[in-house]
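Q:
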Ligand SMILES: [Zn+2]
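Numbering (this note's numbering), first residue to last: 6 to 254.
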């Protein structure tokens, strides 16, 4: 996947890496969390109402009806460029026909977050944890950097829990408020499970936000007959073939 780290997807630190408290949590007693869905790859059992996502990590959506409690898994950010096309959705920019037809791309800043299982009012109900991807635009990204700075003494934004208020679901207007130390870091089991899950799915985080499309498939997807795009992105890597399977229903 390293050859994928092109101009479309950039990993970086929120601020500078500086003096970050030890990345792996100090283990304390008490909290023990369950993470995600276990079982055989591709086979998931559960109670009625179980939903299975076709992307490895779903996008986080705040709700005006709910106060969520989350925590940043890392202070590292992944930036992606996307285009929105009516009837198609968000696509990752490949620096070709997409820009010709869609104009300047949007930039989204992605963070993996831990979601606590709460009663919708900020109280933890069970030790279940989930990982989702938080997609921030320019303004919200600035807010995130400010919170990261403000929580420096606690180790940074990935060492605190945050309450999320949503004031507009359509535009996902979110407000974050600090709510003490990150509880998941106090459980060795949770840290391990989250880290395992992240090693497995982290590189596909952006798929929860935008689809990746090959330049050659782009015009077909848009239903426009435009022939081959021979833009700068003809570097087709093998991993893309695997990604396609996420979108084949
Ligand atoms: Zn583009």
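The beta carbon of each residue, even a glycine, is placed where N, CA and C say it ideally should be. In this text, all values refer to a predicted model and were calculated from it rather than measured experimentally.
So is residue 257 buried or exposed if we call it buried at 16+ other beta carbons inside 10 Å?
A: For the chain, the structure presents residues 6 to 254; residue 257 sits outside this window and is missing.
Q: Check residue 148 in the structure and name its three-state DSSP category.
A: On the chain shown, position 143 is the one that residue 148 refers to. If DSSP states are grouped into helix, strand and coil, residue 148 belongs with the helices.
Q: Which stretch, first to last residue, makes up the beta strand (DSSP E) that contains residue 87?
A: Here residue 87 refers to the residue found at position 82 when the chain shown is read from its first residue. Residue 87 -> beta strand (DSSP E) spans 81-90.
Q: Taking all protein chains shown into account, do 16 or more other C-beta atoms lie within 10 angstroms of the C-beta of residue 92, making it buried, or fewer, making it exposed?
A: Working through the chain shown from its first residue, we reach residue 92 at position 87. Residue 92 is exposed by the Cβ-count criterion.
Q: Could you give the residue range of the alpha helix (DSSP H) that holds residue 225?
A: If you number the chain shown from 1, residue 225 lands on position 220. Residues 220-227.
Q: Would residue 43 be called buried (16 or more neighbouring beta carbons within 10 Å of its own) or exposed?
A: Position 38 of the chain shown, counting from 1, holds the residue named residue 43. Residue confidence for residue 43 is low, a pLDDT of 41 falling below 50, so the modelled location carries little weight; the figure read from the coordinates is stated next. Exposed.
Q: So does residue 220 have its beta carbon nearer than 6 Å to some heavy atom of ligand 1?
A: Residue numbering aside, residue 220 sits at position 215 when the chain shown is read from its first letter. Checking the Cβ of residue 220 against ligand 1 gives no.
Q: Check residue 138 in the structure and name its three-state DSSP category.
A: One-based indexing of the chain shown puts residue 138 at position 133. Residue 138 falls in the strand class under three-state DSSP.
Q: Classify residue 114 as helix, strand or coil using the three-state DSSP reduction.
A: As a first step, residue 114 is located in the chain shown; it is residue number 109 there, counting from the start. In the structure shown, residue 114 sits in a strand (DSSP, three-state: E or B).
Q: Are the region 58-65 and the region 196-212 touching, with three or more C-beta to C-beta distances below 8 Å?
A: Because the criterion of three Cβ pairs below 8 Å is met, the region 58-65 and the region 196-212 touch.
Q: Just checking residue 171 against ligand 1 - is the residue's beta carbon closer than 6 Å to any of the ligand's heavy atoms?
A: On the chain shown, position 166 is the one that residue 171 refers to. Checking the Cβ of residue 171 against ligand 1 gives no.
Q: Check residue 99 in the structure and name its three-state DSSP category.
A: Numbered from its first residue, the chain shown carries residue 99 at position 94. Correct three-state label for residue 99: coil.
Q: Could you check whether the region 71-87 touches the region 118-134, counting it as contact only if at least three pairs of C-beta atoms, one from each stretch, sit closer than 8 Å?
A: Flag = yes, the region 71-87 and the region 118-134 touch.
Q: For residue 126, which of helix, strand or coil comes out of DSSP?
A: If you number the chain shown from 1, residue 126 lands on position 121. If DSSP states are grouped into helix, strand and coil, residue 126 belongs with the strands.
Q: Compute the beta-carbon to beta-carbon distance between residue 186 and residue 165, rounded to the nearest angstrom, for a pair I have assumed lies under 8 Å.
A: To locate residue 186, count along the chain shown from 1; it is residue 181. To locate residue 165, count along the chain shown from 1; it is residue 160. Yes, residue 186 and residue 165 are in contact; Cβ-Cβ is about 6 Å, under 8 Å.
Q: Examine the Cβ distances between the region 83-98 and the region 106-118 and report whether three or more of them are shorter than 8 Å.
A: Verdict: yes, contact present.
Q: May I ask you to list the residues that DSSP assigns as paired with residue 121?
A: Against the chain shown, residue 121 aligns to sequence position 116. The partner list for residue 121 (beta bridge, DSSP) reads 134.
Q: Checking the sheet assignment: what are the DSSP bridge partners for residue 94?
A: As a first step, residue 94 is located in the chain shown; it is residue number 89 there, counting from the start. BP columns for residue 94 point to 90.
Q: Would you call the CB atoms of residue 141 and residue 149 closer than 7 Å?
A: The residue labelled residue 141 in the question sits at position 136 within the chain shown. The residue labelled residue 149 in the question sits at position 144 within the chain shown. Their beta carbons are under 7 Å apart, which means residue 141 touches residue 149 by this criterion.
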